[in-house]
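Structure first, then comments.
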Ligand SMILES: [Zn+2]
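Residue numbers (the numbering used here): 7 to 275.
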């Protein structure tokens, strides 16, 4: 069909538009992030809506227009079912979508980023979330996603060497300087200790962050971490994301509220 193109993509989010239409944000490997109009997609019997649920991997036929591209047809390849069924998983998926929105301009094809989001969804989908440990597993997967995707756009944190003297960082007494984008060893911390952009980090936190940065998601999900180090890792990730995006994400506020209310990372009794 002239004026159309085929692609596959991950449906990151949707929002209502006019009475019966919807906008969809879809991450594709070959065309980057697309904002597509789905006509009639909010009608109950819409075939399009049945295939175009958020957190699905779909095959699309799209009509390109001057102002907007419109979905002609959609075929579901895989649905990451539990991401839309569980409120915490949904918030993690929204968090991912918010980060992709901030980091990836439209249109800019990045197959690696596409694979990262797909792998993160897959691993979050595999977690059962029936125990507190599972929440830690999910938080670790998110940690891996954040470190990998920010590294992809040029903000890889230096977690192995001191950013000032370049010596390899050893166990304890180190701090991470968010402005430097690196760890700072005890000898080089000098007057920066009380800076807003400096956070002391334990040797265990450094090891977890290194692991999450370098290992595939399947390994990260299987790592055994208890609540206390997870709290520090999570604090690091929150500050790291806020520093680079210069804002706090909406989904983070909800996650922290839920975490507190359900005592998911608080000290064990
Ligand atoms: Zn140093």
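No residue lacks a Cβ here, since even glycine has one placed at the ideal position from N, Cα and C.
Is residue i a contact residue of ligand 1, with contact defined as CB to any heavy atom under 6 angstroms?
{"i": "residue 194", "result": "yes"}
{"i": "residue 226", "result": "no"}
{"i": "residue 168", "result": "yes"}
{"i": "residue 191", "result": "yes"}
{"i": "residue 108", "result": "no"}
With distances taken between CB atoms, is the gap from residue i to residue j smaller than 7 angstroms?
{"i": "residue 211", "j": "residue 247", "result": "no"}
{"i": "residue 271", "j": "residue 236", "result": "yes"}
{"i": "residue 36", "j": "residue 115", "result": "yes"}
{"i": "residue 184", "j": "residue 242", "result": "no"}
{"i": "residue 130", "j": "residue 147", "result": "yes"}
{"i": "residue 66", "j": "residue 118", "result": "no"}
{"i": "residue 77", "j": "residue 44", "result": "yes"}
What does the Cβ neighbour count give for residue i, buried or exposed, with the cut at 16 atoms within 10 Å?
{"i": "residue 178", "result": "exposed"}
{"i": "residue 81", "result": "exposed"}
{"i": "residue 275", "result": "Annotation note: pLDDT 49 at residue 275 (below 50); position unreliable, coordinate value reported separately. Label assigned to residue 275: exposed."}
{"i": "residue 60", "result": "buried"}
{"i": "residue 39", "result": "buried"}
{"i": "residue 263", "result": "exposed"}
Ordered along the chain, which non-local residues of its own chain (more than five positions away) have a Cβ less than 6 angstroms from that of residue i?
{"i": "residue 23", "result": "29"}
{"i": "residue 99", "result": "61, 89"}
Identify, in the order they occur along the chain, each residue of the same chain with its Cβ nearer than 7 angstroms to the Cβ of residue i, setting aside the five sequence neighbours on each side.
{"i": "residue 258", "result": "101, 244"}
{"i": "residue 52", "result": "46"}
Sufficient close CB pairs (3 or more, under 8 angstroms) joining the stretch 223-241 to the stretch 130-147: Enough Cβ pairs lie closer than 8 angstroms, so yes.
Stretch-stretch touch, CB-based, cutoff 8 angstroms, three pairs: the stretch 181-196 with the stretch 147-167: Between the stretch 181-196 and the stretch 147-167 there are three or more inter-stretch CB-CB distances shorter than 8 angstroms, so the stretches are counted as touching.
Touch test, the stretch 90-106 against the stretch 70-77, Cβ-Cβ under 8 angstroms, three pairs minimum: Touching, no.
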